[in-house]
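Engineer: The structure is given below, and queries will be raised subsequently.
There are 2 protein chains.
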Amino acid sequence: MKEFDIIQKYFNKPISTKHQPFINLGIGDDCAYLQTYESQELAITQDMFIENVHFFSNTSPHAIGYKALAVNLSDLAAAGAKPLAFLLSLSLPEVNDLWLEQFSQGLFALANQFECNLIGGDTSRGPLSITITAFGLNKNKNALLRKNACLGDDIYVSGHLGNARLALEALLGKITVSVECLEKCKRHLEYPIPRVALGQALSPFAHASIDLSDGLLGDLQHILNASKVGAQVYYDSLFTPLTLSAEVLQLSPQEQRLCVLSGGDDYELLFTAPRKHQATIAKISQDLQIPLTAIGTIIDEPNSLILYDLQGHQVSYQDVSYQHFS
Amino acid sequence: MKEFDIIQKYFNKPISTKHQPFINLGIGDDCAYLQTYESQELAITQDMFIENVHFFSNTSPHAIGYKALAVNLSDLAAAGAKPLAFLLSLSLPEVNDLWLEQFSQGLFALANQFECNLIGGDTSRGPLSITITAFGLNKNKNALLRKNACLGDDIYVSGHLGNARLALEALLGKITVSVECLEKCKRHLEYPIPRVALGQALSPFAHASIDLSDGLLGDLQHILNASKVGAQVYYDSLFTPLTLSAEVLQLSPQEQRLCVLSGGDDYELLFTAPRKHQATIAKISQDLQIPLTAIGTIIDEPNSLILYDLQGHQVSYQDVSYQHFS
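Here you go:
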């Protein structure tokens, strides 16, 4: 099958009607064409998804297709942007119809859910690797940027933390868990839910935001560095049934610590919001049925991240967030 | 060196002042932010550049950086768009300072020439591969699309054809040429000049356009298919000093045929324009000092591509344009 036929068979889908004002042209030319209108801006993110780096060789093609897009939609979510379109660059060692069928099904299962339209990209022979560029719409000046955290802001985290890292550790044979526990956590690892509705709901109220891809402490540090502020984090607030799933609660304290503080790949949102919006944040949590837990406060000590226990004692930690080159 | 440090050291450059109205945020957050204004649209293209597929392992990092961007700017040129910004996703087997230094120099040599700003992307460990997404600005409805060729249009090609394929054949040991000839053609292969100024100059006058990346006949066929028209091509017009460099003119007729009809990687523009703009096209050619040669006419026979010699006889050919999977 030739490149053109692969695109026609698996990837060329009609543009959703409600996005047509923004998408002037999709697949099929040298370029795709987008436009924004008054007081809008285009949020743009690009993430690679590479075999044996971002996913195991035995990961199902369906999960690869899903997650390659999910990690990008998660960046749009962190920005508070509404998904619009994406580009797909797919490098394949060979043309395998079954693989392409399942990959495209996983990809479009998520794309359709968010009406995110594939508008172009590239296909080539090469090592298995996927690069996706996702586009979202923001009202001007409403984006949730890392640099916008303010003194006194509450720091929140969404959902439950650590399941993805638990699955990774178990798949690498570093911890032992039950088959049921592994299956459940593996689903979190392979099919993370990008917090798109949450990001958009938060965007008028929150200040700074980031999605948890590399680990809680490392990602929080990105907000602190960009905003030139510090944070005090209530250590114990991170280890309650509010922030941990039943699976992570069963781990030893040391394993919990690893999965929660350094557990990447959860794709929950970490965000800051002024205290005056406390009730609004609680309402959003209730409306969307997503736990939002206050875990700390922004303080006036640039770049300093301090964990306190219930007794007010400092808890020591190592930043062990994921690094590609270290 | 960590990912963040690589970006800071080699890739984080200030945004050019004249582009600031369109670039609301560049490198450093979950997303970059662009916006367009009234009667503008954003042309978007994405191309992969993979070791041992798109370039040889012994290609200099400077040339890799240059060409990875050049092939994307060439797509913007074909669209008639003005380069604005780009995203870089770089997958590297290891961190090598000398490599990164030279790669980034090659990349920014071209980026600076066109004031095209790096606004984001991704970095990861993995097989050597570069994916670039380039953004350009077009006036609304002024883009040179493949589907816009009209009956009676003249078909033009820019520059000289075949040098890149000559270099490729020589590097693969399939043809023998002098060292000087190889050096000159290798430069065309490794440092193609994206026809950005030409594309913009043509955009008010030309109808359809494509950049020559896979081969003249294959790329012309893309225009014919998209426009639902046919073409008659004056075979001999392709083999004169107007369309061939001194190097290609020295080849045997059979080698010339291969390099010109199927020679990809030249990144010249193939475009169609109505006869009434003949003088304007000649003026653009003169102003930009780029040869623009009329090589055929658009006819009313959908998808048919016929080559005629000077005696009006049909010349047979095989479409041997480059295919990643065949």
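First to last, the protein sequences are chains A and B. Position in the first sequence counted from 1, then plus 187, gives you the working numbering. Position in the second sequence counted from 1, then plus 187, gives you the working numbering. C-beta atoms are modelled at their ideal positions from N, C-alpha and C, and glycine is treated no differently.
1) I want to verify the contact list: residues of chain B whose CB lies under 8 Å from the CB of A/Arg444, in sequence order.
2) Compute the beta-carbon to beta-carbon distance between A/Phe273 and A/Ile319, rounded to the nearest angstrom, for a pair I have assumed lies under 8 Å.
3) Can you give me, in chain order, the residues of the region 279-306 of chain A that have a beta carbon less than 7 Å from any beta carbon in chain B?
4) In chain order, which continuous runs of the alpha helix (DSSP H) of length 4 or greater are located wholly inside the region 236-311 of chain B?
5) Going by beta carbon distance, what residues of the same chain come within less than 6 Å of A/Phe322, once the five residues before and after it are set aside?
6) Taking Cβ positions only, does A/Pro314 come closer than 7 Å to chain B?
7) Output the distance between the C-alpha atoms of A/Gly307 and A/Gly313, rounded to the nearest integer angstrom.
8) Please state if the CB of B/Ala357 and the CB of B/Val366 are separated by a distance shorter than 7 Å.
9) May I have the straight-line CA-CA distance separating A/Arg333 from A/Ser278, to the nearest angstrom?
10) By Cβ distance below 6 Å, which residues in the same chain neighbour B/Cys372 in space, the five residues on each side in sequence not counted?
11) Ordered along the chain, which non-local residues of its own chain (more than five positions away) have a Cβ less than 7 Å from that of A/Arg462?
12) From B/Ile202 to B/Pro381, what does the alpha carbon distance come to, in whole angstroms?
13) With DSSP collapsed to three states, give me the class of B/Lys196.
14) Report yes or no: do the region 285-301 of chain A and the region 188-204 of chain B share at least 3 C-beta pairs separated by less than 8 Å?
15) List the DSSP bridge partners of B/Tyr220.
16) Taking DSSP as the reference, what is the three-state secondary structure of B/Thr430?
17) So B/Ile410 is in the alpha helix (DSSP H); what residue range does that whole segment cover?
18) Measure how close the beta-carbons of A/His464 and A/Phe392 come, nearest whole angstrom, since I'm counting them as under 8 Å.
19) Exposed or buried, what is B/Cys303 when buried is set at 16 or more other beta-carbons lying within 10 Å of its beta-carbon?
20) What do you get for A/Lys254, buried or exposed, if any count of 16 or more other CB atoms within 10 angstroms of its CB means buried?
21) Residues of chain A with CB closer than 8 Å to the CB of B/Gln227, please, in chain order.
22) To the nearest angstrom, how far is it from the Cα of A/Ala268 to the Cα of B/Gln227?
23) Kindly indicate the opening and closing residues of the beta strand (DSSP E) around B/Ile397.
24) Tell me which residue opens and which closes the beta strand (DSSP E) that A/Ala330 is part of.
25) Taking 7 Å as the CB-CB cut-off, is B/Ala265 touching chain A?
26) A/Cys337 touches chain B at which residues, Cβ-Cβ below 9 Å?
27) Please compile the residues from chain A whose C-beta is within a distance smaller than 8 Å of the C-beta of B/Thr232.
28) With 9 Å as the C-beta to C-beta threshold (strictly closer), list the residues of the region 316-330 of chain B near chain A in chain order.
29) Can you list the residues of chain A that B/Ser311 reaches, using a CB-CB cut of under 8 Å?
30) Round the Cβ separation of A/Gly451 and A/Gly386 to the nearest angstrom and send it over; I've been treating them as touching at under 8 Å.
31) With DSSP run on the structure shown, which of helix, strand or coil describes A/Asp474?
32) Going by DSSP, which residues form a beta bridge with B/Ile485?
33) Going by CA-CA distance only, name the one from A/Gly499, A/Tyr495, A/Ala266 that's closest to A/Lys326.
34) CA-CA distance, A/Ser424 and A/Ile482?
35) Sorted by chain position, which residues of the same chain lie with C-beta nearer than 8 Å to A/Gln292's C-beta, five sequence neighbours on each side aside?
36) Do B/Ala336 and B/Thr459 count as a contact pair if the criterion is CB distance below 7 Å?
Structural biologist: Short version:
1) Here the premise fails: no neighbours, minimum Cβ distance about 22 Å.
2) About 6 Å; that satisfies the 8 Å criterion.
3) Val282
4) 248-266, 284-300
5) Around A/Phe322: Leu229, Ile231, Leu271, Ala272.
6) yes
7) 19 Å
8) The Cβ atoms of B/Val366 and B/Ala357 lie no closer than 7 Å to each other.
9) 32 Å
10) Asn350, Leu353, Ala354, Glu434
11) Gly339, Asp341
12) 21 Å
13) Helix, per DSSP.
14) no
15) Beta-bridge annotation (DSSP): B/Tyr220 is paired with A/Ala230, B/Leu212.
16) Correct three-state label for B/Thr430: coil.
17) 403-414
18) 4 Å
19) buried
20) buried
21) Gln222
22) 21 Å
23) 396-398
24) Unbroken run through A/Ala330: none, as it is neither H nor E.
25) It does; some Cβ of chain A falls within 7 Å.
26) The contacting residues do not exist; A/Cys337 stays about 16 Å from chain B at best.
27) Asp217, Cys218, Ala219, Gly307
28) Ser316, Thr318, Thr320, Ala321, Phe322, Gly323, Asn325, Asn327, Lys328, Ala330
29) Met235, Ile237, Val240, His241, His511
30) Actually they do not touch by this definition, with Cβ atoms about 19 Å apart.
31) Here A/Asp474 sits in helix by DSSP.
32) B/Ala418
33) A/Ala266
34) A/Ser424 and A/Ile482 have their alpha carbons spaced roughly 6 Å apart.
35) His249, Gly252
36) The Cβ atoms of B/Thr459 and B/Ala336 lie closer than 7 Å to each other.
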